[in-house]
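K.L.:
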Amino acid sequence: MTNQITDTEAGTSLWKDSWLRMRKNRIAVASIIVFSITCFFCFIVAWFCKDPNQVNLANKFSGPSSEHWIGTDALGRDLFSRILYGGQVSILVGLIATTVSVTIGIIYGALAGFFGGKIDSIMMRVVDTLFSIPFLMIVIVLQAVLSEWSRETSVWIVSNLNWDKGFTDRITNVLPLFFALGLLGWLTLARIVRAQVMSLKEREFVEAATSLGLTKLTVLFRHIIPNTLGPTVVYATLSVPGFIMYEATLSYLGLGVESPNSSWGILIKEGANYLETNSQLLIFPGIIFSITLFALNFLGDGLRDALDVRASKD
Amino acid sequence: MSLLEVNNLKTYFHTRNGIVRAVDGVSFSVDKGKTIGIVGESGSGKSVSCYSLLGLLPMPPAKIEDGEAIFDRSTDLLSCGEKVLRTIRGKKIGMIFQDPMTSLNPYMRIADQIIEPLCLHMKMDKEKALKEAIHALDEVGIPEPDNRINMYPHEFSGGMRQRVMIAMALITNPEILIADEPTTALDVTIQKQILDLIQTRQKELGTAVIFITHDLAVISEICEEVNIMYAGRIVEKTDTKSLFRTPKHAYTRSLLKSIPANQVKGEKLYTIPGLPPDTSQIIRGCAFRERNQIGDQNECLTNSRPEFKEIEPGHWVQNCPGCLS
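Protein chains in written order, with this note's numbering: chain A, 1 to 314; chain B, 315 to 639.
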């Protein structure tokens, strides 16, 4: 970095400052690289791999070979491509559920915090109520309700839009999961954003913006919400591995993704059956799963340090 | 008729501990191009009365109970509603705040903030507004405005941020500028610069200024007329000269007496004893009675509130015998 101030130097935003701080954090940078590689394999390399659902009973439990890089499972399906396809589902569940929950959480929390009073009380009691119902129970009920609907959607898409059946099934199969997780994941974030907005709206720059003649909603969306994004980004990054975990848990319990579709949760579940005889079926998905979760968690920590200067050092 | 006429403004806060009568019947008027000062201790209601005018107070708990504020002979700011008020805020009445460190949005470039009123009120396109904004920054003495405009607030010093706030408040050429203690958070040399800047811009643009402060030195520097506020009411109102020469009310005299520069070296500094009265209690009689050392405490009204009366031409004061003696 140079200390020289040139005439054309544009200001650095707080985001850019954070990015510069983050770049110095080796673990965080390594995590970004690891996660990018995982995504690259799951979403790009996967298309060039074998069909993950291709059964070949003659070749079950085969060890690593040039044909099947890390062997095959109990039905002779290629484990490598099953891991990559499973990764697609797991990562997408994490990302989409996070996007859904962050969007709902920010808007809901911001409106509650900004308008305050009775509106706030009613909105937050709704959140409290949802919080008081066990998470897994709601997900299970939603799954049961939505799975029928997802099957119908799949049939409709295949007959009306002529999509590939396998592909459509893979997507519609996990839709209920996206919804269930996204619909419930926003509760904590709504509380975080609400608290942020409540303190931000008393700040002078909000009064200044109002005194310029901006409407309340413009003030909220242009001036207040961008100021809440720091904690939100951290929370969102940390919730991606959380959702991946939930997906794995639910799939392990048989409530999430259904066989023959794969996800990391499904693979771990299937692998656990052969723990003593063919432990590679558990070990390989397990390793990838753990590495990804580690990377995302470290990334979240790195972001927290980078965005919240007060909490880290000086 | 004046540009802005505030009559009997009453702003109460309805809190859990009762009704706080922050502003309790304040009247003042501002003429075109003139500067009036509102002086008082912390909590005397000077900021609240100006915030009420622009509807910047959170309601609830705040509630405007009574009064009117006729702007430009036509609009009553207190009853015209949010929609009309938005067309006045930032366009006809600009405002600058006490702490320049917090009154700019830390996540937005100066450019984006300063063009907001232009895009909103003048319906300018972004490019033209930017040109205008650079010009405005130049006017308030920001060096290299075309580079600085792309910076973020944290890259500016306090004095520069206050300059930006002034540029922003004046960019639409408003008729009134409300300055809410604009120099309190700045150090003395910068204070002087900012005061000079406000005065120059005022002269160039013909803006009227309502200057809220608790610094009498600042008042003597820039105001033509002064309102002294105490416990939500104006106790004395006169032109600046006679305020400093012939202060009438005991509170005004106490304030002047407690200016360090006016005191004999080596003696203990004079302070007004006690605290301002709790405005959540109904005050009967003279609000200043208990702290009145300069006048005659025993003569202060105890049963009825003193009337606001013109005792000399242009010199209004709360007519309490104890405070005037």
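Beta carbons: idealized from backbone N, C-alpha and C, even for Gly.
Is any beta-carbon of chain B found at less than 8 angstroms from that of Ala215(A)?
P.N.:
Within the first sequence, the letter at position 215 stands for residue 215(A). Reading off the sequence shown, one finds Thr at residue 215(A), where the question assumed Ala. Taking Cβ atoms only, chain B reaches closer than 8 angstroms to Thr215(A), which makes this a yes.
K.L.:
Do you know how far the Cα of Arg603(B) is from the Cα of Gly609(B)?
P.N.:
The residue given as residue 609(B) occupies position 295 in the second sequence. The residue given as residue 603(B) occupies position 289 in the second sequence. Cα to Cα, the separation comes out at about 9 angstroms.
K.L.:
Let me know the secondary structure DSSP gives His468(B) once reduced to three states.
P.N.:
Within the second sequence, numbered from 1, the residue matching residue 468(B) stands at position 154. The answer is helix: DSSP assigns His468(B) an H, G or I state.
K.L.:
Check whether the Cβ atoms of Ile352(B) and Asn541(B) sit closer than 8 angstroms, and answer yes or no.
P.N.:
As a first step, residue 352(B) must be located in the second sequence, where it is residue number 38. As a first step, residue 541(B) must be located in the second sequence, where it is residue number 227. Cβ atoms of Ile352(B) and Asn541(B): closer than 8 angstroms.
K.L.:
For a quick check, are the C-beta atoms of Leu250(A) and Gly256(A) less than 8 angstroms apart?
P.N.:
For the purposes of this step, residue 250(A) is taken as the residue at position 250 of the first sequence. For the purposes of this step, residue 256(A) is taken as the residue at position 256 of the first sequence. The answer is yes: Cβ separation under 8 angstroms.
K.L.:
Flag this pair as yes or no: are the beta carbons of Lys324(B) and Val337(B) separated by less than 8 angstroms?
P.N.:
Taking the second sequence and counting its residues from 1, one reaches residue 324(B) at position 10. Taking the second sequence and counting its residues from 1, one reaches residue 337(B) at position 23. The answer is yes: Cβ separation under 8 angstroms.
K.L.:
Can you find a CB in chain B that lies within less than 8 angstroms of the CB of Gly113(A)?
P.N.:
One-based indexing of the first sequence puts residue 113(A) at position 113. Chain B contact via Cβ: absent.
K.L.:
With DSSP as the reference, identify every bridge partner of Asn633(B), one or two as the case may be.
P.N.:
For the purposes of this step, residue 633(B) is taken as the residue at position 319 of the second sequence. BP columns for Asn633(B) point to Glu621(B).
K.L.:
Looking at the strands, I want to know which residues DSSP matches up with His328(B).
P.N.:
For the purposes of this step, residue 328(B) is taken as the residue at position 14 of the second sequence. In the DSSP output, where bridge partners are listed per residue, His328(B) has Ile333(B).
K.L.:
Have a look at the DSSP bridge pairing and note the partners of Gly609(B).
P.N.:
Locating residue 609(B) in the second sequence gives position 295, counting from the first residue. Note: Gly609(B) sits in no beta bridge, so no partner.
K.L.:
On the criterion of 16 or more Cβ atoms from any shown chain inside 10 Å, does His435(B) qualify as buried, or is it exposed?
P.N.:
In the second sequence, counting from the first residue as 1, residue 435(B) sits at position 121. Per the 10 Å Cβ criterion, buried.
K.L.:
Mind listing which residues of the region 522-535 of chain B have their C-beta closer than 9 angstroms to chain A's C-betas, in chain order?
P.N.:
Of all residues in the region 522-535 of chain B, none has a Cβ within less than 9 angstroms of some Cβ in chain A.
K.L.:
Which word fits Ile287(A), buried or exposed, when buried means at least 16 other C-beta atoms lie within 10 angstroms of its C-beta?
P.N.:
Your numbering for residue 287(A) matches position 287 in the first sequence. Flag for Ile287(A) reads exposed.
K.L.:
Quick one: grab the DSSP three-state call for Val398(B).
P.N.:
Within the second sequence, residue 398(B) is the residue found at index 84, counting from 1. Three-state DSSP puts Val398(B) in a helix.
K.L.:
Cutting at 6 angstroms between CB atoms, please list the residues of its own chain near Ala208(A), excluding the five before and the five after it.
P.N.:
Locating residue 208(A) in the first sequence gives position 208, where the first residue counts as 1. Hits under 6 angstroms: none found.
K.L.:
For a contact defined as C-beta to C-beta under 9 angstroms, what are the partners of Leu14(A) on chain B?
P.N.:
By one-based count along the first sequence, residue 14(A) stands at place 14. Correct list: Pro420, Tyr421, Tyr466 and His468.
K.L.:
Verify the CB distance criterion: does Asn56(A) have a CB-CB separation below 8 angstroms to chain B?
P.N.:
Numbered from its first residue, the first sequence carries residue 56(A) at position 56. No, no contact with chain B.
K.L.:
Can you tell me whether His449(B) is buried or exposed? The criterion is at least 16 other CB atoms within 10 Å of its CB, across all chains shown.
P.N.:
Taking the first residue of the second sequence as 1, we reach residue 449(B) at position 135. His449(B) is exposed by the Cβ-count criterion.
K.L.:
Along the chain, where does the alpha helix (DSSP H) containing Leu307(A) start, and where does it finish?
P.N.:
Locating residue 307(A) in the first sequence gives position 307, counting from the first residue. Taken as a continuous stretch (DSSP letters only), the alpha helix (DSSP H) holding Leu307(A) covers Gln280 to Leu307.
K.L.:
Would Gly265(A) and Glu276(A) be called neighbours here (beta carbons separated by less than 8 angstroms)?
P.N.:
The residue given as residue 265(A) occupies position 265 in the first sequence. The residue given as residue 276(A) occupies position 276 in the first sequence. No. Outside cutoff.
K.L.:
Going residue by residue through the region 211-288 of chain A, where are the continuous alpha helix (DSSP H) segments of at least 4 residues, counting only ones entirely within it?
P.N.:
The qualifying runs are 225-252 and 264-273.
K.L.:
Roughly how many whole angstroms lie between the Cα atoms of Tyr85(A) and Leu299(A)?
P.N.:
Walking along the first sequence from the start, residue 85(A) turns up at place 85. Walking along the first sequence from the start, residue 299(A) turns up at place 299. Rounded to the nearest angstrom, the two C-alpha atoms are 23 angstroms apart.
K.L.:
Helix, strand or coil: which one does DSSP assign to Leu175(A)?
P.N.:
As a position in the first sequence, residue 175(A) is number 175, starting the count at 1. Leu175(A): helix per DSSP, three-state reduction.
K.L.:
At a Cβ cut of 9 angstroms, what residues of the region 373-386 of chain B count as close to chain A, listed as they run along the chain?
P.N.:
Correct list: Pro374.
K.L.:
Can you pull the chain A neighbours of Asp413(B), defined as C-beta to C-beta under 7 angstroms?
P.N.:
Here residue 413(B) is taken as the residue at index 99 of the second sequence, counted from 1. Going along chain A in sequence order, the residues near Asp413(B) (Cβ under 7 angstroms) are Glu204.
K.L.:
If you follow the beta strand (DSSP E) that Val578(B) is in, where does it begin and where does it stop?
P.N.:
Within the second sequence, numbered from 1, the residue matching residue 578(B) stands at position 264. Per DSSP, Val578(B) belongs to no beta strand (DSSP E) and is neither H nor E.
K.L.:
For Thr416(B) and chain A, any beta-carbon pair shorter than 8 angstroms?
P.N.:
Working through the second sequence from its first residue, we reach residue 416(B) at position 102. With 8 angstroms as the cut-off, Thr416(B) counts as an interface residue toward chain A.
K.L.:
Go ahead and pull the three-state DSSP assignment for Ala260(B).
P.N.:
This structure cannot speak to residue 260(B), because chain B is shown only from 315 to 639.
K.L.:
Is the CB-CB distance between Leu181(A) and Val93(A) below 8 angstroms?
P.N.:
For the purposes of this step, residue 181(A) is taken as residue 181 along the first sequence, with counting starting at 1. For the purposes of this step, residue 93(A) is taken as residue 93 along the first sequence, with counting starting at 1. Contact: yes.
K.L.:
Closest to Ala564(B) by C-alpha separation, out of Ser471(B), Gln505(B) and Ile586(B), would be which residue?
P.N.:
Counting from 1 along the second sequence, the entry for residue 564(B) is found at position 250. Of the candidates Ser471(B), Gln505(B) and Ile586(B), the one whose C-alpha sits nearest the C-alpha of Ala564(B) is Ile586(B).
K.L.:
Check whether the Cβ atoms of Val478(B) and Ile407(B) sit closer than 8 angstroms, and answer yes or no.
P.N.:
Position 164 of the second sequence, counted from the start, is the residue given in the question as residue 478(B). Position 93 of the second sequence, counted from the start, is the residue given in the question as residue 407(B). No, these two residues do not count as a Cβ contact at 8 angstroms.
K.L.:
With distances taken Cα to Cα, identify the nearest neighbour of Leu519(B) among Thr554(B), Ala545(B), Ala483(B) and Pro496(B).
P.N.:
As a working mapping, residue 519(B) is identified with position 205 in the second sequence. When each option's Cα is compared against that of Leu519(B), the closest is Ala483(B).
K.L.:
Just how far apart, CA to CA, sit Pro574(B) and Leu583(B)?
P.N.:
For the purposes of this step, residue 574(B) is identified with residue 260 of the second sequence, where counting begins at 1. For the purposes of this step, residue 583(B) is identified with residue 269 of the second sequence, where counting begins at 1. So the two alpha carbons sit approximately 7 angstroms from each other.
K.L.:
Do the CB positions of Leu509(B) and Thr497(B) come within less than 8 angstroms of each other?
P.N.:
As a first step, residue 509(B) must be located in the second sequence, where it is residue number 195. As a first step, residue 497(B) must be located in the second sequence, where it is residue number 183. Closer than 8 angstroms, so yes.
K.L.:
In whole angstroms, what separates the C-alpha of Ile384(B) from that of Leu391(B)?
P.N.:
The residue labelled residue 384(B) in the question sits at position 70 within the second sequence. The residue labelled residue 391(B) in the question sits at position 77 within the second sequence. Their Cα atoms are separated by approximately 6 angstroms.
K.L.:
Helix, strand or coil: how does DSSP classify Thr560(B) here?
P.N.:
For the purposes of this step, residue 560(B) is identified with residue 246 of the second sequence, where counting begins at 1. Thr560(B): coil per DSSP, three-state reduction.
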